[in-house]
Each structure stands twice: as C-alpha cells, then as structure tokens.
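Colleague: Below you'll find the structure I mean.
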Amino acid sequence: MFYRVEVEVTKEDIPKICSQLRVTKDETQRRVVRQIRSLAIADASSHTPLVKANVLPAICQWLRSRNTTVQIEVLRTLQVLAESPLATRRMVEPDLMKALTAQVTKQKNKDVACEGFRLVHAIARCGNVSDHLVDGQFHEHLRKQLKNKDVRIQKEAFGALERLCMDSGAADALVNTDADNVLKNCFDVAKKTENTEVEKGCLLLIARLCTVELTAIKISEGTRFAFVVKTAKDIIPFRKVCGALALANLGMHKDLRVRLVKVRAFQLFVDMGKIQSLRADQAEFPRVAALGIANLSANFMLREVAHQVGALDVVVEMLGGDSSEVRCSACRAVTELSLHEENGRRLAMGGVFPSLLEMAKSGDPAQESAAIQAISNLCLSPENQKQLMQEGGKQALQYLGNSRNGGVQKLAKKLDIRVKMMKLKAAARIAGKIAAAKSDMIGDDDGDNHEPRESFEED
C-alpha cells in the first residue's frame, strides 16, 4: 500500500537520514519516517541500502512511542519496505519480530491495529517467512479479530489471515487448535456480512483452509459444502472465483474428487476456462479453472471424464493465453491429463506442442519447469515423441538442457535420451525387417535353383 508524502529525498540523503535516527521528539521522528517512506516509494533500489544502514531497528523502536501518529507512520513505512525480500527477512528476525508482535497483538487503538494487520499482510506476501509469523502467534491474534464488530479491523484481519494461510504450515497451525470454531466463524461471517471486502476476505480464507485435509473433510459435509458450491455458481465474479478456488483446493484430496464431479465441478471449471475477459474481477477465472482441472485429473478414472466435458480443448486454449500464471497452471493440467494415453494423443492432435515449446524457450524459470514436465508426460508414447520432433522439439530440448534450473536440465536430458532410444529402437526394427526380408529372398532363391535328384529305385 502506497501513501503520498510531501518530502522528496534521494539515495544520497541516506547518511543524513541515519544521523537523525536517535531523535526523541515526535515531530522529528514523524518527519524522518516520512522521508524514508518517500525514498522507498520513489526508488525501489533504495530498499537494500536502507536495510544495510540499520534503519529498521531504529524506526521499530519508535513503535513504542505514545504518539499514535508516529506509530502509524512507522507501520506504513514498514509496509512499503516489506516489498523487498531483504527487508522482510530482517523484519522477522527475533529482535524486530518481538517489537512487531507487541505492537500488533496488544494494540488498543483501532487505526494503529489496522495498519499493523496491513503490515502482517505485506510481510506474508514474501515467501518463506510465514513460519516466523506463526511463531509470533500472529495467526491466533488475527483469528480472535474475525468477529470484531469494527468492520475495518475485521476486513484487515481476514485479509492478513487469508494471505498468511497461503502457506500450508500457517493454515495447519490455524486449525490445529480448534478447527470447528474457526470454520463456524468464517461461514457465519460469509453468510451474514454486508461488507463486500469482508465477504471476499472471508471466502478466500475458506478457500485457503480447503488445502488442509482436516478442514477439507469438515467443509465437504452438510450445509457447508452446499454453500461453497452455491458460491462457486454465483453470477458475481468475486464470489464465483472464491467458491471455485475452494472447490479446486478440495480437489487436492483424493477422497473428495468423485463427490466434486457429482456436483458438476468439471463443467464449472471448463466454463470458467472459456472466459478470456479483460475485466479485473474475471482475470483469475482461467487460472482457477486450470487448477481445478489439474486437481480433479489426478484421479485416473476422472481423466476420461475430463475429455467428455471438453476440458482438453479448454486447456489447449489457455496455454495460448497472455498470462504466464494461467499458462503455468494450464501446463500442470496437461501434465495430469496426459497420463491417460488417449488424452495425450488427443492433446497432441489438438495442437498442444507449439504452445509448450514456446513456453519452454521463453527463458522464464516457472514456464520452463511447467513446460518440460508437461512435455515429458506427453512423450510417454512413441507417436507423441515423433510429433514433438516434427514440431521442433529437438532445439527446445537442447535449450532446456542448458537451463540454470537443475531440475529442468535433468528432465530435459532424460527426455532427450528417451527420444534417442525411440529412434534406435525404430532403426533396429527396420534393420530386423530388412534382414528378415533378405533371408526370405535368399531362401526363395535356393528353392528356385534346387534340382530334383534322380531316382535309383528299382522297379
């Protein structure tokens, strides 16, 4: 979240800013913090010098100020700096985490509390730090605020918690103590709230909790499951996305996939995948659809169902989209669907290879990894291997063989060996047929030149 400030500074001013970090007057502290935020917003490259200059420990000490304006300014500045992975890792170190925990979990001022929740949301966006937030018991404090009567606090609490629960470890920690109470609060708020932002955060939190097996089983029972299905089929885009994401995450659990198919989840994902809209509220439709198709297709018996409902055509169409995230999700769907040999043949005939090869040569690590896995599964059959070579797959495999990603490089070399072995086997079969044909020809020639022996039998 960005805030406009009136002070303009540059990286050359960092030493001057550092010289003022020991001030005690509230007005001076507020001015210094605004300067830091102004610099961080204007120049993202300044984040690293600011962290190395030990700005964070100093301004975190100012969170103890009795002046709420100073506290709010510090929290807003930390939100901006949290966009830098280096700054985020510094914030979750024990000394600073202790100050942040005390500020967020024991705050009585509602404005300061909201800014604290936004900071937790910003920190949670950075990967591999959620365990530190869980150690600080942020998830427990946020859980207690889910039924807060102040809509602002409720909205920020749901937003921070759903972002935190994108990490499976944090989601497990949230429901380990009292899963029933957490789910009850979430579904009660989702059904009764009149605030759109609160409802959206609540529905997203329910979708995140569907990744945990314990809560997934509880959600798949009774009225809760009916509510999720109804939400997924809603005409309002944000509800539809959240509900469909919940169904897609439920598809991660093998015991629930058949039940999802019975409520026509496959058809829902196929219909969503067909929507290529520029509207912001529909931008996530294809990505959620690809995730749902991939998760349901992890069941062997359901891969044939995917073909019957038109999932293969939709996946091929999504692979040609503009969004790299949608294309990567579609690649995962292809990876699962192609384990059914007939689906692999249909996908190859449907023109899946050009898009996959384009992704493989894109230079983007995520697209490279997704593409090579899909290509590897598609090329389990000799027919698809031949088609890959005809589409220019040899150059793509050579390119991926030199990738910086070790996993991609290893898989590309394995696939290259598999293709070469296929060629050797084909050559051996042809050589065998030629040898057999020559042997037959020699045998026929011997038969033609054979003269019958004279009979010496007496009459």
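In terms of full-length UniProt numbering, the sequence shown opens at residue 1 and continues consecutively. Every residue gets a Cβ at the ideal spot worked out from N, C-alpha and C, and that includes glycine.
Taking the alpha helix (DSSP H) that glutamate 162 falls in, what are its first and last residues?
Modeller: 151-164
Colleague: With a 10 Å radius around its C-beta and 16 neighbouring C-beta atoms as the bar for buried, classify arginine 257 as buried or exposed.
Modeller: buried
Colleague: Quick check on lysine 98: does DSSP put it in helix, strand or coil?
Modeller: helix
Colleague: Smallest Cα separation from cysteine 114: which of Ser130, Asn148, Val175 and Ala374?
Modeller: Asn148
Colleague: I want to know whether the stretch 83-94 touches the stretch 118-131 - three or more CB-CB distances under 8 Å.
Modeller: yes
Colleague: Use the C-beta contact count for arginine 37: other C-beta atoms within 10 angstroms, 16 or more gives buried, fewer gives exposed.
Modeller: buried
Colleague: Would you please state the rounded distance, in angstroms, between the beta carbons of methionine 272 and valine 288? I believe it to be under 8 Å.
Modeller: 6 Å
Colleague: Under the three-state reduction of DSSP, which class applies to valine 315: helix, strand or coil?
Modeller: helix
Colleague: Cutting at 6 Å between CB atoms, please list the residues of its own chain near glutamate 336, excluding the five before and the five after it.
Modeller: Ala294, Ser297 and Ala298
Colleague: How would you call residue 462, buried or exposed, if buried means at least 16 neighbouring beta carbons within 10 angstroms?
Modeller: Because the chain in this structure spans residues 1 to 459, residue 462 falls outside the shown range and cannot be described.
Colleague: Serine 376: which of Leu397, Pro382, Leu415 and Leu204 sits nearest, CA to CA?
Modeller: Leu415
Colleague: Note down the Cα distance separating threonine 223 from leucine 78, rounded to an integer number of angstroms.
Modeller: 42 Å
Colleague: Which two residues bound the contiguous alpha helix (DSSP H) that contains alanine 280?
Modeller: Careful: alanine 280 lies outside any alpha helix (DSSP H) and carries neither H nor E.
Colleague: How should phenylalanine 300 be labelled, buried or exposed, when 16 other C-beta atoms within 10 angstroms of its C-beta is the threshold for buried?
Modeller: Burial is judged here by how many other beta carbons sit within 10 angstroms of a residue's own beta carbon; phenylalanine 300 has fewer than 16 and is exposed.
Colleague: Return the CA-CA distance between residue 462 and alanine 333, expressed in angstroms with no decimal places.
Modeller: Nothing in the structure corresponds to residue 462, since the chain is present only between 1 and 459.
Colleague: Can you tell me which of the three DSSP states glutamine 276 falls into?
Modeller: coil
Colleague: For my contact list, leucine 378 and leucine 347 are in at a C-beta cut-off of 8 Å; report their separation, rounded to the angstrom.
Modeller: 6 Å
Colleague: Going by beta-carbon coordinates alone, are aspartate 131 and glycine 169 separated by less than 8 Å?
Modeller: A distance below 8 Å separates the beta carbons of aspartate 131 and glycine 169.
Colleague: Sort Val182, Asp167, Cys126 and Met166 by Cα distance to histidine 141 and report the nearest one.
Modeller: Val182
Colleague: Look up lysine 147 in the DSSP assignment and say whether it is helix, strand or coil.
Modeller: For lysine 147, the three-state secondary structure derived from DSSP is coil.
Colleague: Compute the Euclidean distance between the alpha carbons of glycine 406 and glutamate 391, then round it to the nearest angstrom.
Modeller: About 25 Å.
Colleague: Are the beta-carbon atoms of valine 9 and glutamine 20 separated by less than 8 Å?
Modeller: No, these two residues do not count as a Cβ contact at 8 Å.
Colleague: For arginine 152, I'd like the list of residues in its chain whose CB is within less than 6 Å of its CB, leaving aside the five on either flank, ordered along the chain.
Modeller: Cys114
Colleague: For threonine 68, does the count of other Cβ atoms within 10 angstroms reach 16, so buried, or fall short, so exposed?
Modeller: exposed
Colleague: Comparing alpha-carbon positions, which option in Phe266, Glu93, Val352 and Ile206 lies nearest valine 189?
Modeller: Ile206
Colleague: Measure the CB-CB distance between leucine 63 and valine 74 and report whether it falls below 8 Å.
Modeller: Yes. Within cutoff.
Colleague: Given arginine 163, which residues of its chain have a CB within under 6 Å of its CB, disregarding the five upstream and five downstream residues?
Modeller: Around arginine 163: His121 and Ala124.
Colleague: To the nearest angstrom, how far is the alpha carbon of threonine 215 from that of glutamate 368?
Modeller: Taking the straight line from one Cα to the other gives about 34 Å.
Colleague: Please name the residue, chosen from Ala290, Arg264 and Ala280, that lies closest to lysine 274 on a Cα-to-Cα basis.
Modeller: Ala290
Colleague: Please return the same chain residues whose Cβ sits closer than 6 Å to the Cβ of aspartate 167, not counting the five positions on each side in sequence.
Modeller: Ser130
Colleague: Buried or exposed: where does asparagine 384 fall if 16 or more other Cβ atoms within 10 Å of its Cβ makes it buried?
Modeller: buried
Colleague: Helix, strand or coil for threonine 223 per DSSP?
Modeller: helix
Colleague: Do aspartate 13 and valine 70 come within 8 Å of each other at the CB atom, strictly closer than that value?
Modeller: With contacts defined as CB atoms closer than 8 Å, valine 70 and aspartate 13 fail to qualify as a contacting pair.
Colleague: Please report the straight-line C-alpha distance between arginine 118 and histidine 47, rounded to a whole angstrom.
Modeller: Spanning the two alpha carbons is a distance of roughly 19 Å.
Colleague: Smallest Cα separation from leucine 339: which of Ala360, Asp364 and His307?
Modeller: His307
Colleague: State the start and end residues of the unbroken alpha helix (DSSP H) segment that holds cysteine 242.
Modeller: 237-250
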